[in-house]
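Written below as structure tokens is the structure these notes are about.
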Amino acid sequence: MQGYRFLTLILVLILSVACSNLPKEHKVITAKEGVISIPVSEVNDGKVHFYTYKKSGKRINFFIRTDGTGKLSSYFDACYICYKKKKGYRVEGKDLVCNECSLKFGLAEEVWENKDCSPILLKSKAESNNFIIKTDDIGKGEKLF
Numbered sequence: 357m358q359g360y361r362f363l364t365l366i367l368v369l370i371l372s373v374a375c376s377n378l379p380k381e382h383k384v385i386t387a388k389e390g391v392i393s394i395p396v397s398e399v400n401d402g403k404v405h406f407y408t409y410k411k412s413g414k415r416i417n418f419f420i421r422t423d424g425t426g427k428l429s430s431y432f433d434a435c436y437i438c439y440k441k442k443k444g445y446r447v448e449g450k451d452l453v454c455n456e457c458s459l460k461f462g463l464a465e466e467v468w469e470n471k472d473c474s475p476i477l478l479k480s481k482a483e484s485n486n487f488i489i490k491t492d493d494i495g496k497g498e499k500l501f
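With my numbering, letter number 28 in the sequence shown gets 384, and the count goes up by one each step, no holes.
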């Protein structure tokens with residue numbers, strides 16, 4: 357009898373882990389007065405930087421990248437096709453790769469068109485020495501996570 361209880365417990369644990377659909381948590385960033393402010397010096401290095409902003413306990417993942425022209429831009433760590441899986445993207449060499457469908461996007465490309473599995477643009481701007489994202493803008497992507 358105890359063997360069945362043990363097996364039932366193991367099965368419940370496996371199912372709860374398999375069914376949890378939380379997005380990965382990256383470096384957690386906070387806002388002040390409705391603004392997320394990240395020093396440009398932290399992200400203007402040609403790499404992709406992943407962050408998590410928490411709104412009411414919910415994780416909203418995004419990343420900042422420098423394209424081939426040196427311009428900084430930010431995107432939700434999700435696309436319109438694969439977002440329900442909450443897997444986001446990863447960097448492989450010179451490409452950004454969808455963790456669900458493996459579609460690749462060249463990091464040097466200036467623009468990723470918002471079609472298919474491309475990352476969803478997140479409104480942002482470089483201001484003085486900071487990269488600024490308004491919490492109202494990042495909140496619009498809450499449904500993706």
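By construction, the Cβ of each residue, glycine as well, lies at the ideal position given by its N, Cα and C atoms. In this text, all values refer to a predicted model and were calculated from it rather than measured experimentally.
Contact check, V404 vs R421, beta carbons under 7 Å:
Position 48 of the sequence shown, counted from the start, is the residue given in the question as residue 404. Position 65 of the sequence shown, counted from the start, is the residue given in the question as residue 421. It is a contact, given that the beta carbons lie within the stated cut-off.
Option in H382, Y439 and K388 with minimal Cα separation from S474:
Position 118 of the sequence shown, counted from the start, is the residue given in the question as residue 474. Checked all of H382, Y439 and K388; the closest Cα to S474 is Y439.
Measuring straight from C-alpha to C-alpha, what distance separates Y408 and V467?
Residue numbering aside, residue 408 sits at position 52 when the sequence shown is read from its first letter. Residue numbering aside, residue 467 sits at position 111 when the sequence shown is read from its first letter. Note that residue 408 is Thr in the sequence shown, not Tyr. Rounded to whole angstroms, T408 to V467 spans 23 Å at the Cα level.
For P395, the residue or residues it bridges with in DSSP:
Position 39 of the sequence shown, counting from 1, holds the residue named residue 395. Answer by DSSP bridge pairing, in chain order: N486.
Taking K486 as the reference, which of I476, E398, F461 and G413 has the closest Cα?
Position 130 of the sequence shown holds residue 486. First, the residue type needs correcting, since residue 486 is Asn and not Lys in the sequence shown. Checking every option, the nearest Cα to that of N486 belongs to E398.
Exposed or buried, C454, counting other C-beta atoms within 10 Å across all chains shown (16 or more means buried)?
Counting from one through the sequence shown, the residue named residue 454 turns up at place 98. Counting Cβ neighbours within 10 Å, C454 comes out buried, since at least 16 surround it.
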